[in-house]
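K.L.:
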Amino acid sequence: MLRIDEILTSAVQTGCSELFTSTPEITQISVQQTRPEFKGERTVVVFPFTRLSRKTPEETGTLLGEYIVENCEDVTSFQVVKGFLNLSISDSYWASELQEAVTCGAEFGLQPESSKPQIMVEYSSPNTNKPLHLGHLRNNFLGFSVAEILKAAGHSVVKVQIINDRGIHICKSMVAWIKFGNGETPESSGLKGDKLVGKYYVAFDKAYKAEIAEHGENSAPILLEAREMLHKWEAGDSEVRALWSKMNGWVYDGFDATYTEMGVDFNKLYYESDTYLIGKVQVEKGVSSGAFKKREDGSVWVDLTDSGLDEKLLLRKDGTAVYMTQDIGTAILRFEDFPALDRQVYTVGNEQEYHFKVLFEILGKLGVEQGERCHHLSYGMVELPEGKMKSREGTVVDADDLLQEMRETAEAVAVEAGKLDNIPEADRPELFKQVGYGALKYFLLRVDPKKSIMFDPKGSIDFIGNTGPYIQFNYVRSRSVLRNASIKDSTTLKISQSVTLDDTEKALLMTVLSLPDVIEEAGKLYDPSLVANLCYDITKSYSSWYQDHPILKEENEELRDARLAICALCSSAVKTGMSLLGVSMPERM
RNA sequence: GGUCCUGUAGCUCAACUGGAUAGAGCAUCGCCCUUCUAAGGCGACGGUUCGGGGUUCGAGUCCCUGCGGGAUCACCA
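The first sequence lines up with residues 124 to 712 when you count with my numbering.
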């Protein structure tokens, strides 16, 4: 909250209690930015107080306005329009806020490191049988961004993923590779490891389809082979395990390359092959404690009908684990691995909402009190104009391909605009990445996570308008101004307390000053789009202001310094905000 | 059928969680580079916020109801 809003809130309380002998609740007091068509900067909505004053909104507002001007030195005058009390704030207030924020430098907007509870953020978690696609990009950017936002909001954060390295899917790739692979490796073929394994997954599917006609879905020989291999794997067959390790290794190498390219990282990796058995122990414990029930056939169930959910299977009658079983195990393992952990955040698509509701309930039943604070960061699908991506129809947008396309588009746009003359050849590849990936990340993160995203591969992602490159471009211009002013360290800029900012400058300043609140809020809601939207709001206001407010050419020295400070503050705030989205900012473009 | 999400300009999205005349971008049409980077700025056009009720000083936002879209309710993962 702006410092002035805190002052006003408390002034409204004491004012009401003195004038109307009754104090309103904090929640009834709403202070907002004054609309540009009215005089003033902050507005108090007075309707809620008419009940206390037993007067008209206008009279109530006037009385409160007089009280506030009298008692708050930062408030210079007021105007009541209908039920709105518009307050003008002193020049010195804005000057000192600007001074304070600009002095924070790159720290502006950030809360002290690890001043809040530790949170684990899980994201990515792909299967190891297929390369990453556009849906994974949304997942990775979202999870990474939420983790960064939580860090900025003061939490200690652990980024993890669980790698689904086990199961029938990888066995299918293995079978196909043995049958059709002729010993092909990433080295021999020049294919990225994940692409190579994915190729054999597809080859399996093709061969399987061909056999279905003759043998039926459940007894196609190649499927039986895959199942046989899964059994061998579970029995620890050394040959199978060796091939499994080798092929998974290829996939990891491929994924790692993509992660590096995307700019996401992890503090710890969990492998399903290590954790899938742990859950069984926990489920047995739950049976002993009475949290779960074992049926006569030996299967174990949890009854969640009290919470409005169903009964859910936790162990099959043959004693083998289901998906939920291993998620329980993994969750508890993580709380053991990180004793200070306050909660876990799971970045997983919205098709698993029910699964996570159940999981968190179960954790509670097992006595894991953090369960109720765990959060499923659910997000909508990325859809193509013709609907969902379908591998069968070849409409899957491959992550590596799209990243490459973004780099190429960035280059083409730069060439077209004739922007490369002043960019050394050696710096260009990095610039194309920054701009291309900035466009992509911003595109995917600026919308509310729970909504689905429409992506048209033919219409390619924009570089103008409300886009990442637009924000980067204005950042670059502001950096250029600071360079031209030979400012090495903007935190040492001094703002005269008597400087008068105009309305657009005050509005811009108010927008920038909301960064700490927005980061806090985005962390609470696990929603990067709030940060993205703020970056855009700042940039839009900045760009418009920049157009007709000379900075370096301003002759009034204290105004010039104040504008330099605004310029420095905007660029710093936007850089911080964009970094929370995983977008890096170029110095020139 | 039950539960959850969703419906805002031609298209893609906002709207400070109940506040003033619902805002941006794209697209279309004008204007602005001898001025700190024009990947920019300014203006015009564009709306029954899916329909219908209700709650109150005030509703895109909350409640009820109908309609459309999506997800989910497996001894799958």
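Yeah, the Cβ is synthetic: ideal placement off N, Cα and C, and Gly gets one too.
This structure is a prediction, so every number in the text was calculated from the model and none was measured.
If you follow the beta strand (DSSP E) that Tyr502 is in, where does it begin and where does it stop?
P.N.:
Element bounds for Tyr502: His498 to Tyr502.
K.L.:
Cα-Cα, which of Ile594, Glu553 and Phe458 is closest to Phe586?
P.N.:
Looking at the Cα atoms, Ile594 is the closest of the given residues.
K.L.:
Ends of the alpha helix (DSSP H) at Ser713?
P.N.:
Nothing can be reported for residue 713: it is not among the residues displayed for the chain, which extend from 124 to 712.
K.L.:
If contacts are defined as beta-carbon pairs under 8 Å, then Gly264 and Leu568 qualify, I think. What distance do you get, rounded to the angstrom?
P.N.:
In the sequence under discussion, the amino acid at residue 264 is Phe, which differs from the Gly named in the question. Correct: roughly 6 Å between the Cβ atoms.
K.L.:
Which one or two residues does DSSP pair with Phe207 in a beta bridge?
P.N.:
Phe207 is bridged to Val168 and Val204.
K.L.:
Between the Cα of Gly386 and the Cα atoms of Glu196, Tyr560 and Glu680, which residue gives the shortest distance?
P.N.:
Comparing Cα positions, the closest option is Tyr560.
K.L.:
To the nearest angstrom, how far is the alpha carbon of Tyr375 from that of Gly591?
P.N.:
Looking at the two C-alpha atoms, the distance is approximately 30 Å.
K.L.:
For Gln313, which option in Val281, Leu260, Gly377 and Glu340 has the closest C-alpha, if you only look at C-alpha atoms?
P.N.:
The question names Gln, but residue 313 is Gly in the sequence shown. Out of Val281, Leu260, Gly377 and Glu340, Gly377 has the C-alpha closest to the C-alpha of Gly313.
K.L.:
In this structure, how does DSSP classify Thr179 when only helix, strand and coil are distinguished?
P.N.:
In the structure shown, Thr179 sits in coil (DSSP, three-state: anything other than H, G, I, E or B).
K.L.:
First and last residue of the alpha helix (DSSP H) that includes Pro639?
P.N.:
Per DSSP, Pro639 belongs to the alpha helix (DSSP H) from Leu638 to Leu648.
K.L.:
Below 6 Å CB to CB, which residues in the same chain sit around Glu271 once its five sequence neighbours on both sides are set aside?
P.N.:
Here the set comprises Leu703.
K.L.:
If we ignore side chains and look at the alpha-carbon of each, how far apart do Leu438 and Val445 end up?
P.N.:
Distance between the alpha carbons of Leu438 and Val445 is about 6 Å.
K.L.:
Can you list, in chain order, the stretches of the alpha helix (DSSP H) that have 4 or more residues and sit fully within the segment 414-449?
P.N.:
Listed in chain order, nothing qualifies, since the segment 414-449 has no complete alpha helix (DSSP H) run of 4 or more residues.
K.L.:
Going by DSSP, what residue range makes up the alpha helix (DSSP H) through Val654?
P.N.:
Run containing Val654: Pro651 to Asp671, per the alpha helix (DSSP H) assignment.
K.L.:
How would you call Ser342, buried or exposed, if buried means at least 16 neighbouring beta carbons within 10 angstroms?
P.N.:
When all chains shown are included, Ser342 counts as exposed.
K.L.:
Among Leu427, Gly421 and Pro639, which one has its Cα closest to the Cα of Gly487?
P.N.:
Measuring from the Cα of Gly487, the nearest candidate turns out to be Leu427.
K.L.:
Quick one: give me the first and last residue of the beta strand (DSSP E) that Glu470 is part of.
P.N.:
Per the sequence shown, residue 470 should be read as Thr rather than Glu. From DSSP, the beta strand (DSSP E) with Thr470 extends over Leu464 to Gly472.
K.L.:
Is the beta carbon of Ser200 closer than 9 Å to that of Ser215?
P.N.:
Against a cut-off of 9 Å, the Cβ pair of Ser200 and Ser215 comes out as no contact.
K.L.:
In the DSSP assignment, find the beta strand (DSSP E) that holds Ile242 and state where it starts and stops.
P.N.:
Counting along the chain, the beta strand (DSSP E) containing Ile242 begins and ends at Lys239 to Glu245.
K.L.:
Find out if the Cβ-Cβ distance for the pair Leu255, Asp523 is shorter than 9 Å.
P.N.:
Yes; because the gap between Cβ atoms is below 9 Å, this pair is in contact.
K.L.:
Would you mind stating whether Gly232 and Thr614 have Cβ atoms separated by less than 9 Å?
P.N.:
Not a contact, by the Cβ cut-off of 9 Å.
K.L.:
For the 8 Å Cβ check, are there 3 or more pairs between the segment 174-190 and the segment 139-155?
P.N.:
Yes: at least three Cβ pairs fall under 8 Å.
K.L.:
Could you pull the start and end residues of the alpha helix (DSSP H) that His292 belongs to?
P.N.:
Taken as a continuous stretch (DSSP letters only), the alpha helix (DSSP H) holding His292 covers Ile291 to Phe303.
K.L.:
Put Lys162 into one of helix, strand or coil per three-state DSSP.
P.N.:
The answer is coil: DSSP assigns Lys162 none of H, G, I, E or B.
K.L.:
Where does Gly517 sit, in a helix, a strand or coil, going by DSSP?
P.N.:
DSSP places Gly517 in coil when its eight states are reduced to three.
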